[in-house]
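A.B. asks: Just so we're on the same page, our numbering is the position in the sequence shown counted from 1, plus 8.
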Amino acid sequence: MADADRSAAEGTAVGGVTAGEMAGPGETAAGGSPRWRVLVGSRSFGKVSAEHNARLVAAGCEVIPNTTGRAYLASELHEALRGVDAIITGTDELTAEVIADADRLRTIAKHGVGLDNIDLDAARARGIVVTWTPAAINESVADMALALLLAVARGLLPADASVRAGRWPNVVGVELGGRTLGIVGLGRIGKGVCRRAQAFGMRVVAHDPFPDEAFAAAHGVTFLSLPELLATADAVTLHAAPAGRPGPLLGAAELATMKPTAFLINTARGHLVDEPALADALRGGRLAGAGLDVFVAEPPGTANPLLGLDNVVLTPHAAGQTDEGLFRMSEMTVENCLRALRGEEPLHRV
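1. Could you name the residues of the same chain whose beta carbon sits closer than 6 Å to that of V160, not counting the 5 residues immediately before and after it, in chain order?
2. Return the bridge partner residues of G190 from the DSSP annotation.
3. Could you check the C-alpha separation between E147 and C202 for me, to the nearest Å?
4. Taking a contact to mean a Cβ-Cβ separation below 9 Å, would you say E236 touches V213 in this structure?
5. DSSP three-state call for N344: helix, strand or coil?
6. Would a C-beta distance cut-off of 9 Å place T82 and L102 closer than the cut-off?
7. Determine whether the beta carbon atoms of A243 and T188 lie at a separation below 9 Å.
8. Tell me whether the region 165-178 and the region 139-155 touch, counting them as touching only if at least three CB pairs, one residue from each stretch, are closer than 8 Å.
9. Given that a residue counts as buried once 16 or more other Cβ atoms are within 10 Å of its Cβ, and exposed if not, what is A37?
10. Could you check how far apart the C-beta atoms of A110 and V92 are, in whole angstroms? I think they sit under 8 Å.
11. State yes or no: is the C-beta of V358 within less than 9 Å of the C-beta of L47?
12. Between which two residues does the beta strand (DSSP E) containing F218 stretch?
13. Would you report the Cα separation of V302 and V229, rounded to the nearest angstrom?
14. Taking just the CA atoms, how far does T141 sit from P313?
15. What are the start and end residues of the alpha helix (DSSP H) that includes N274?
16. From what residue to what residue does the alpha helix (DSSP H) around K267 run?
17. Taking its Cβ as the centre, do 16 or more other Cβ atoms sit within 10 Å of G185, making it buried, or is it exposed?
18. Classify F53 as buried or exposed, calling it buried when 16 or more other Cβ atoms lie within 10 Å of its own Cβ.
19. Mark L349 as exposed unless 16 or more other C-beta atoms lie within 10 angstroms of its C-beta, in which case mark it buried.
20. Assuming L263 contacts L286 under a Cβ cut-off of 8 Å, what Cβ separation, rounded to an integer in Å, is found between them?
21. I'd like to check one pair, F223 with L359: are the Cβ atoms closer than 9 Å?
22. Could you compute how far the alpha carbon of G190 sits from the alpha carbon of A260?
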C-alpha cells in the first residue's frame, strides 16, 4: 500500500481522529492476563496489515481468530461468543437469540457498513454498543461500480475468454459518453459514482428518498421518481439501503420498464433485485447486461440462473476489498472496539 494511504503511519485523520489519538499503551488485568476477549468474525479484518490485530493485543485483548473460513452461523455463535467481550463482525448471524445468549458481550464492532446481519433491537435491549465504519470503503465501491459498468458495456469478459481460447472475435461495445446513468441512492457512494460517471461524459439522474439538493445543483443531477429513472436511464446502479421493504426493489415489473439496451449494476445488497426475474430479462433480450457484486445468497449456489449467462459480470462481494479501503476500515473498527470496551464513546455508534 502506498505510504499516503497508511493513515496510522502518517498520523492522518481516520474517522475524525489521528493515529496519535488512538489506542494507547497495553492494558492487562491483574497477573498479566488479557483484559478482554475479542472474537474476530470478519474474514477481511486484518487482511491488509497485521498491525490492527497487534493493536488489540497491545491494548489488553485476547484476539480469537475465525477458524471457519466463512461467516459464523447463528448455531455456531452460541458457543463461540461464550466468555467473549467483543466481536468484530462481518456478516456473522448475530440474531436476537445469539445476542441474548452472549454472557459477556459488551460491543459488536461491525467491520463494514451493512447492519442487516445484526439484530439491533436485541443489542440495544442488552445495552450492547454497536459500531460501524461509514465512509471507509466509499471510494473503493464507487470504483467497482464503474468497473462493472465498463466491463459489461464493452463485453470484456466474453472477449477475454475468447482470446484465451484462441479465437479473435469482433467485439462491439458501447461508449458511456452521452448516455444517462441512473443512480438509485445518492448517498456517499452514489455521489462518488456520479463524479466518476460525469468524468466519462455521462448525464446523471438519481432517485433518493432524502435528496441532497445542494449536491444535485452543484453537479447537474436531476432527481426522478424510481419509475421515471428506470425508464430513462441507459444504465442503472444501485446504492440503496434494503430496510423497510417487503420485497426486492427491482422485481419483474420494474425490470420490464427499463430499456432493452440498458445495463444494471448492483454493488449494494443482493436482495434489492429479483434474481430469477433479472435472469429472465437478460436471457430474453429485455435487458442488455448486468454487473453484480452482491447476491441474495452468498456465495450463490450453482443453481443460480445468473451464473450461466455471458452478458453478466459477477464478482464475489469484492467492491470494498481494496488495500486502502480495508486498511481504513480495520483502523476504524479497532478504534470503535477499544473505545467501547473502555466505556468511552466510539467513533461511529449505530
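The beta-carbon is built from N, C-alpha and C at its ideal position, and this holds for glycine as well.
For clarity, every value in this text was computed on a predicted model and none was experimentally measured.
C.D. replies: Taking the geometry as given:
1. Counted from its first residue, the sequence shown places residue 160 at position 152. Closer than 6 Å at the Cβ level, and outside the excluded window around V160, lie F271, G297, G299 and V321.
2. Mapped onto the sequence shown, residue 190 falls at position 182. G190 is bridged to V213 and V244.
3. Numbered from its first residue, the sequence shown carries residue 147 at position 139. Numbered from its first residue, the sequence shown carries residue 202 at position 194. Cα to Cα, the separation comes out at about 12 Å.
4. Here residue 236 corresponds to residue number 228 of the sequence shown, with the count starting at 1. Here residue 213 corresponds to residue number 205 of the sequence shown, with the count starting at 1. Yes, they are a contact pair.
5. Translated into the one-based positions of the sequence shown, residue 344 becomes position 336. N344 falls in the helix class under three-state DSSP.
6. As a working note, residue 82 is residue 74 in the sequence shown. As a working note, residue 102 is residue 94 in the sequence shown. The question names Thr, yet the displayed sequence has Ala at residue 82. In contact: A82 and L102 (Cβ atoms closer than 9 Å).
7. Here residue 243 corresponds to residue number 235 of the sequence shown, with the count starting at 1. Here residue 188 corresponds to residue number 180 of the sequence shown, with the count starting at 1. For A243 and T188, yes; Cβs fall inside 9 Å.
8. no
9. What you label residue 37 is simply residue 29 of the sequence shown in a count that begins at 1. Confidence at A37 is low in this model, with a pLDDT of 49, below 50, so the placement of that residue should be treated as unreliable; the coordinate-derived value is given next. Looking at its Cβ environment, which holds fewer than 16 other Cβ atoms inside 10 Å, A37 is exposed.
10. Counting from 1 along the sequence shown, the entry for residue 110 is found at position 102. Counting from 1 along the sequence shown, the entry for residue 92 is found at position 84. With a Cβ gap of about 7 Å, A110 and V92 count as contacting.
11. The residue labelled residue 358 in the question sits at position 350 within the sequence shown. The residue labelled residue 47 in the question sits at position 39 within the sequence shown. For V358 and L47, no; Cβs fall outside 9 Å.
12. Here residue 218 refers to the residue found at position 210 of the sequence shown. Segment: none, F218 is in no beta strand (DSSP E) and carries neither H nor E.
13. For this step, residue 302 is matched to residue 294 along the sequence shown. For this step, residue 229 is matched to residue 221 along the sequence shown. Near 26 Å, if we compare the C-alpha coordinates of V229 and V302.
14. Your numbering for residue 313 matches position 305 in the sequence shown. Your numbering for residue 141 matches position 133 in the sequence shown. If I take the Cα positions, the gap works out to 33 Å.
15. The residue labelled residue 274 in the question sits at position 266 within the sequence shown. That residue, N274, is in no alpha helix (DSSP H); its beta strand (DSSP E) goes F271 to N274.
16. Position 259 of the sequence shown holds residue 267. First-last for K267: undefined, no H or E at that position.
17. Walking along the sequence shown from the start, residue 185 turns up at place 177. By the neighbour-count rule (16 or more Cβ atoms within 10 Å), G185 is not buried but exposed.
18. Position 45 of the sequence shown, counting from 1, holds the residue named residue 53. That one is buried.
19. Walking along the sequence shown from the start, residue 349 turns up at place 341. So L349 ends up on the buried side.
20. On the sequence shown, position 255 is the one that residue 263 refers to. On the sequence shown, position 278 is the one that residue 286 refers to. So it is a contact: roughly 6 Å between Cβ atoms.
21. Look at the range of the chain in this structure, 9 to 358, and you will see that residue 359 is not part of it.
22. Start at 1 with the first residue of the sequence shown, and residue 190 comes out as number 182. Start at 1 with the first residue of the sequence shown, and residue 260 comes out as number 252. Cα to Cα, G190 sits roughly 18 Å from A260.
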